[in-house]
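Our numbering puts the first residue of the sequence shown at 4, with every later residue one more than the last.
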Amino acid sequence: RNAEVHVSEDDVLIPFLKMGVEAREQVLGPEGLEDSPVTQPDHPLVKYAEAFTHNFDLIAERKSVVSQLREVAKASVLAKFMLEAGVELPEPWFTLGGQADPACCLEVPQLWNDCCFSEVKVQDGEVVTTEKARDAKV
């Protein structure tokens, strides 16, 4: 909602931001579904967004992913400021962290890709199955 870059007494750039949540919905427009803000003050999404915004700092303290989101937002604000101000950084700034090892696994586990099936046969009004179908694993 609000982002600034402050400069300390010893010339350190400090990103400052106030994060919040906005209630939005998808509405059918001339080109299909479009994103639109929800503005009715008594709408449950608006009330939830207001409560989340009011308690954002507390939520960020308790949920690390929200805290990490805020830190990424701070880095983005600082990067945008430095880009717009034309700040040029010497090469050592880009090698401070050293070489990053590639992530061990770049796949997201997906259990729903496993396909299993079984056949159920009815004979003379009774369910009859084969050994293969009886041992099928889901």
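Ideal Cβ positions, reconstructed from N, Cα and C, are used throughout, including at glycine.
Quiz prompt | Sequence-distant residues of the same chain with beta carbon closer than 7 Å to Ser-79, five excluded per side | solution = none
Practice problem: Inspect the beta-carbon positions of Ala-103 and Leu-20 and report whether they are closer than 7 Å. | Solution: no
Self-check item: CA nearest to the CA of Leu-81, picked from Glu-91, Leu-16 and Glu-25
Solution: Leu-16
Self-check item: Assigned secondary structure, Val-123 (DSSP; H/G/I helix, E/B strand, else coil)
Solution: coil
Practice problem: State the DSSP-derived secondary structure class of Glu-37, mapped to helix, strand or coil. | Solution: It is a strand residue.
Quiz item: What's the gap between the Cα of Pro-40 and the Cα of Thr-56?
Solution: 15 Å
Exercise. Work out the CA separation of Glu-34 and Gly-100 for me, nearest whole Å.
Key: 45 Å
Practice problem: Measure how close the beta-carbons of Ala-52 and Val-24 come, nearest whole angstrom, since I'm counting them as under 8 Å. | Solution: The C-beta distance from Ala-52 to Val-24 rounds to 4 Å, short enough to fall under 8 Å.
Quiz item: Name the DSSP bridge partner or partners of Arg-27?
Solution: Per DSSP, Pro-40.
Quiz item: Based on the DSSP secondary-structure assignment, which residues constitute the bridge partners of Asn-5?
Solution: Beta-bridge pairing links Asn-5 to Lys-21.
Exercise. Give the single residue among Glu-12, Pro-18, Asp-13 and Asp-14 whose Cα lies nearest to the Cα of Asn-5.
Key: Pro-18
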